[in-house]
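A short worksheet on the structure shown next.
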Amino acid sequence: MSDHLSKAASKNFTVLEYIQETAEQITLGDGKIASAAKFLEMFNFPSGTHRTILTKLSGGEKRRLFLIKTLITNPNFLILDEPTNDLDLDTMRRLEDYIISFKGTIIVVSHDRAFLDLTTDFLFIFNGKGGIKGFMGNYSEYHEFIQINQKTDSHNGQTGKYSEKKVKAATRKEQTGRKQASCSPMQPNTCLFPTAETKRKLTYKENKEFSNLEAEIDKLEEEKTELEASFSIPGIKPEEIERNHKKYKIVTESIEIKLARWEELAERTG
Numbered sequence: 002m003s004d005h006l007s008k009a010a011s012k013n014f015t016v017l018e019y020i021q022e023t024a025e026q027i028t029l030g031d032g033k034i035a036s037a038a039k040f041l042e043m044f045n046f047p048s049g050t051h052r053t054i055l056t057k058l059s060g061g062e063k064r065r066l067f068l069i070k071t072l073i074t075n076p077n078f079l080i081l082d083e084p085t086n087d088l089d090l091d092t093m094r095r096l097e098d099y100i101i102s103f104k105g106t107i108i109v110v111s112h113d114r115a116f117l118d119l120t121t122d123f124l125f126i127f128n129g130k131g132g133i134k135g136f137m138g139n140y141s142e143y144h145e146f147i148q149i150n151q152k153t154d155s156h157n158g159q160t161g162k163y164s165e166k167k168v169k170a171a172t173r174k175e176q177t178g179r180k181q182a183s184c185s186p187m188q189p190n191t192c193l194f195p196t197a198e199t200k201r202k203l204t205y206k207e208n209k210e211f212s213n214l215e216a217e218i219d220k221l222e223e224e225k226t227e228l229e230a231s232f233s234i235p236g237i238k239p240e241e242i243e244r245n246h247k248k249y250k251i252v253t254e255s256i257e258i259k260l261a262r263w264e265e266l267a268e269r270t271g
């Protein structure tokens with residue numbers, strides 16, 4: 002990536018010229034045509050930045066620009082290695098939208114479980130001993146599968162994060178169940194929660210998003226708990242406290258946003 006950008010930077014290319022060198026436009030997953038300028042805007046490069054010289058960009062901006070240059074080639078096969086590194090939340094969401102509508106095949110390597118849940122439907126499981134097996138589903142579904150298959154009598158008495166997560170999930174499912182119970186088979190539009198009948202009125206992306214929001218919220222809540230615990234660690238450095246406070250604010254805001262989104266989709270009637 003650095004060599005390619007360095008060569009373009011040596012020619013005093015602007016952001017827009019760097020992308021237009023590859024293609025003037027791209028066909029999106031829904032069949033719509035987007036110009037290079039519009040595609041840049043979709044990934045948080047507003048028109049005011051299009052004439053910026055490449056040497057003026059930050060490291061994160063260069064990484065994002067290289068990603069855009071790759072996507073605008075309109076490939077049918079992509080290999081993404083930790084694609085969300087150095088991306089802000091908004092850009093991550095736009096990348097997720099692009100991948101969800103992508104018509105080709107994508108292999109993703111990522112530590113971001115929420116990202117994997119939204120963008121993958123098949124996993125390659127490495128057992129650490131040279132063996133690989135496949136699993137049809139996303140990370141949360143695989144994690145649940147493992148938990149069910151490894152469940153023992155002693156597991157029933159387990160406390161802590163596992164129990165807390167189950168309680169949170171059960172609370173949301175209980176609320177969902179009450180809403181489903183209020184639906185009338187004769188009047189599906191009166192449903193407060195998208196049942197099989199109502200879910201057809203959601204887009205494919207919304208259905209997939211809704212089915213994974215619970216796991217995303219649980220993950221964020223676990224991260225929030227860990228950050229709260231870090232504030233009471235003896236001898237923690239001031240700069241680390243400040244860094245964790247910033248993370249805590251981002252995580253808390255993300256939980257609020259995702260909870261609001263979950264409630265919005267749950268109440269959709271089409």
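For the sequence shown, this note's numbering gives the first residue as 2, with consecutive numbering after it.
From the three backbone atoms N, C-alpha and C, an ideal C-beta is built for every residue, glycine too.
Quantities reported herein were computed from a predicted structural model and do not represent experimental measurements.
If we count the other Cβ atoms within 10 Å of its Cβ and call it buried at 16 or more, is residue i buried or exposed?
i, result
"T85", "buried"
"V110", "exposed"
"L90", "exposed"
"S141", "buried"
"T204", "exposed"
"N128", "exposed"
"E229", "exposed"
"E145", "exposed"
"A261", "exposed"
"F40", "buried"
"R244", "exposed"
"I80", "exposed"
"D219", "buried"
"E97", "buried"
"K238", "exposed"
Ordered along the chain, which non-local residues of its own chain (more than five positions away) have a Cβ less than 6 Å from that of residue i?
i, result
"A37", "I20, Q21 and E25"
"R52", "T15"
"L124", "F136 and Y143"
"T56", "A10"
Quick one: residues in its chain with C-beta nearer than 7 Å to the C-beta of residue i, no 5 flanking neighbours on either side, listed in chain order?
i, result
"K247", "none"
"N13", "I54"
"E207", "L266"
"K63", "L6"
With DSSP run on the structure shown, which of helix, strand or coil describes residue i?
i, result
"L29", "coil"
"G131", "coil"
"F125", "strand"
"S36", "strand"
"D89", "coil"
"F232", "coil"
"T56", "helix"
"F103", "coil"
"F14", "coil"
"D82", "strand"
"I73", "coil"
Going by alpha carbons, who is nearest to residue i out of the options?
i, options, result
"P47", "E83, G60 and T92", "T92"
"R94", "E62, F44, L81 and D82", "F44"
"N75", "T121, I149 and A35", "A35"
"D87", "S212, K250, G60 and K259", "G60"
"F78", "I126, L96, T106 and S212", "T106"
"L66", "I149, E222, E83 and E42", "E42"
"A216", "E97, D113 and T50", "D113"
"K225", "L58, G49, Y249 and Q148", "Y249"
"L214", "K259, N150 and E223", "K259"
Going along the chain, which residues of its own chain have a beta-carbon closer than 8 Å to the beta-carbon of residue i, five neighbours each way excluded?
i, result
"D122", "M137, G138 and N139"
"S7", "none"
Exercise for the section: State whether the stretch 27 to 41 contacts the stretch 96 to 108, with contact taken as three or more CB pairs (one from each stretch) at a distance under 8 Å. Expected result: Between the stretch 27 to 41 and the stretch 96 to 108 there are three or more C-beta pairs closer than 8 Å, enough to call the two in contact.
Problem - Stretch-stretch touch, CB-based, cutoff 8 Å, three pairs: the stretch 115 to 131 with the stretch 54 to 72 - result: Touching, no, given that fewer than three Cβ pairs across the two stretches are closer than 8 Å.
Exercise for the section: Please determine if the stretch 253 to 260 and the stretch 229 to 241 are in contact, where contact requires at least 3 C-beta pairs separated by less than 8 Å. Expected result: No: the two stretches stay apart, fewer than three of their Cβ pairs being nearer than 8 Å.
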